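In terms of the UniProt record's numbering, the sequence shown opens at residue 1 and continues consecutively. Glycine included, C-beta positions come from ideal geometry on N, C-alpha and C. The model shown is predicted, which means the values in this text are computed figures rather than measured ones.
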Amino acid sequence: MEKRMETLEQIKETLRETSKLVPDIVRAAVGLEHHYQTVELPHDDGCVKSFAAAFLRPQEQEQAHGDGEVQQAVRMESASCYVPDHDEDAHFVHDAAGVVGVADGVGGYRRRVGVDAGAFSRGLMTSAFAQLVTAEPGTPVCPYTLLERAYEETLESGAQGGSTAVILSLADGNVLRWAYIGDSAFAVLRDGRVVVRSVQQQRYFNAPYYLGGRRGDEGMTVGMVGEMKVRRGDVVMAGTDGLFDNMSDAELEKVVQIGTALGFSPKNMADIIGGTAYEMSRCLLKDSPFAVEWRKQHENEEEHFYGGKVDDITVVVACIVSSDS
1 MEKRMETLEQ IKETLRETSK LVPDIVRAAV GLEHHYQTVE LPHDDGCVKS
51 FAAAFLRPQE QEQAHGDGEV QQAVRMESAS CYVPDHDEDA HFVHDAAGVV
101 GVADGVGGYR RRVGVDAGAF SRGLMTSAFA QLVTAEPGTP VCPYTLLERA
151 YEETLESGAQ GGSTAVILSL ADGNVLRWAY IGDSAFAVLR DGRVVVRSVQ
201 QQRYFNAPYY LGGRRGDEGM TVGMVGEMKV RRGDVVMAGT DGLFDNMSDA
251 ELEKVVQIGT ALGFSPKNMA DIIGGTAYEM SRCLLKDSPF AVEWRKQHEN
301 EEEHFYGGKV DDITVVVACI VSSDS
């Protein structure tokens with residue numbers, strides 16, 4: 001599947017359906033069940049048993065697979081959910097190339113100088129996606145090079161502002177590679193647990209590094225790269241800080257465990273995670289990772305920040321499946 005950002009009408013539909021996208025069992029798992037009116041989930045013994053098994057399985061029974069395991073060729077099945085606030089996020093998925101990308105325009109440019117902070121993020125993702133569309137099928141994709149070229153083209157277009165970004169690619173049968181800058185982030189989950197997580201890049205709290213619209217900015221020099229082998233059943237999740245500021249890794253793990261047990265599609269999972277993050281961003285009673293970190297950084301101040309952080313929310317879920325499926 002090849003996809004860029006959803007249309008405005010699709011986004012509105014996502015917002016209208018937010019409460020329906022988040023099942024009761026997910027709200028209960030992340031502690032939202034007392035703060036929102038919930039919807040009824042069909043009572044199906046098979047689903048309930050699968051759900052129970054996912055949560056009651058002893059952790060010690062989950063065995064790690066070493067490098068000696070026979071590696072199977074895999075591919076991505078990806079989907080996304082975008083819930084806008086100021087509409088400054090951008091993203092794409094390209095399953096044929098095995099590549100996904102997420103970007104978040106720096107809102108400070110909108111607040112300080114009135115620049116469309118989403119223009120730079122859209123430029124990055126549009127350029128990266130266009131490069132994939134015009135590439136020869138089967139051409140290996142280096143996410144760093146893809147992001148670097150997209151950055152150069154966005155600069156040449158004259159776009160102002162700046163953006164964080166992350167691009168991940170699957171190549172060589174089972175190798176996941178990534179390149180990122182700032183707090184657009186990703187996590188790789190295996191057996192329902194986070195096994196690899198990007199490290200937030202920031203100058204100081206809530207001030208991430210980013211790709212800027214001036215050639216004197218840091219640019220790609222502070223970008224982070226890496227790779228790992230993935231296997232069938234792994235789940236790769238990419239998102240902007242609107243996701244990761246509102247949901248902890250433990251909460252994301254619970255949703256993926258539930259989704260895996262109940263057979264959610266990548267789109268189901270992306271929508272449910274996006275809907276959950278949206279509810280959390282507007283919940284004053286449920287603490288968020290952003291609020292916890294804010295209080296650490298401002299422990300001597302009289303006023304304290306609680307609840308979620310309202311922001312654009314982008315979620316990309318890429319399920320790793322067998323190439324033969």
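The segment 105-118 in contact with the segment 127-147 per 3-pair CB rule at 8 Å: no
Buried or exposed: which applies to F55, given that a residue is buried once 16 or more other Cβ atoms fall within 10 Å of its Cβ? Annotation note: pLDDT 47 at F55 (below 50); position unreliable, coordinate value reported separately. So F55 counts as exposed.
Pop quiz: K254 and A79 are said to be a contact at Cβ under 8 Å. What is the actual Cβ separation, rounded to whole angstroms? K254 to A79, Cβ: 19 Å. No contact.
For the pair the segment 294-310 and the segment 216-236, tell me if three or more CB-CB distances fall below 8 Å. no
Closest by CA to M237, which one among P208, S184 and L285? S184
Can you name, in chain order, every residue of its own chain whose Cβ lies under 6 Å from the Cβ of T180, other than the five neighbours on each side? Rather than Thr, the amino acid found at residue 180 in this sequence is Tyr. Once the five neighbours on either side are set aside, the close Cβ partners of Y180 are V166, S198 and M224.
Leaving out five residues on either side along the sequence, give the residues of the same chain with a beta carbon under 7 Å from the beta carbon of D245. S288, P289, F290, K309 and D311
Under 8 Å Cβ to Cβ from A119, same chain only, skipping five residues before and after it: list those, please. G105, A159, Q160 and G161
Got a sec, what are the start and stop residues for the alpha helix (DSSP H) V255 sits in? D249 to A261
Can you check DSSP and say which residues form a bridge with E77? C319
Suppose only complete runs of 3+ residues qualify. What are the beta strand (DSSP E) ranges in the segment 99-144, listed by chain order? 99-105
According to DSSP, simplified to helix, strand and coil, what is E227? strand
Work out the CA separation of S281 and Y306 for me, nearest whole Å. 11 Å
Among T134, R203 and T314, whose alpha-carbon lies nearest the alpha-carbon of H86? T314
Would you check if the distance between the CB atom of L124 and the CB atom of A90 is smaller than 8 Å? yes
Cβ neighbour criterion (16 or more within 10 Å) applied to R177: buried
Rounded separation between A277 and G219 - CA only: 30 Å
Are there 16 or more other CB atoms within 10 angstroms of the CB of R203, so buried, or fewer, so exposed? exposed
Beta-bridge partners of residue 392, as assigned by DSSP: This structure leaves residue 392 out entirely; the chain is present only between 1 and 325.
Based on the DSSP output, what are the partners of A171 in its beta bridges? V175
Through-space distance from T145 to A73, alpha-carbon basis: 24 Å
Below 7 Å CB to CB, which residues in the same chain sit around Y151 once its five sequence neighbours on both sides are set aside? L124, L211, G219 and M220
Taking the alpha-carbon positions, what's the R75 to N206 distance? 35 Å
Spatial neighbours of D241 in its chain, beta-carbon cut-off 6 Å, leaving aside the 5 residues before and after: D183
Alpha carbon of S169 to alpha carbon of E303, nearest angstrom: 43 Å
Bounding residues of the beta strand (DSSP E) (the contiguous stretch that carries R282): From DSSP, R282 is part of no beta strand (DSSP E); its letter is neither H nor E.
Enumerate in chain order the residues of its own chain whose CB-to-CB distance from G239 is below 7 Å, with the five nearest sequence positions on each side excluded. V102, A185, T314, V315 and V316
Sort E299, T164 and V141 by Cα distance to Y209 and report the nearest one. T164
Classify F305 as helix, strand or coil using the three-state DSSP reduction. coil
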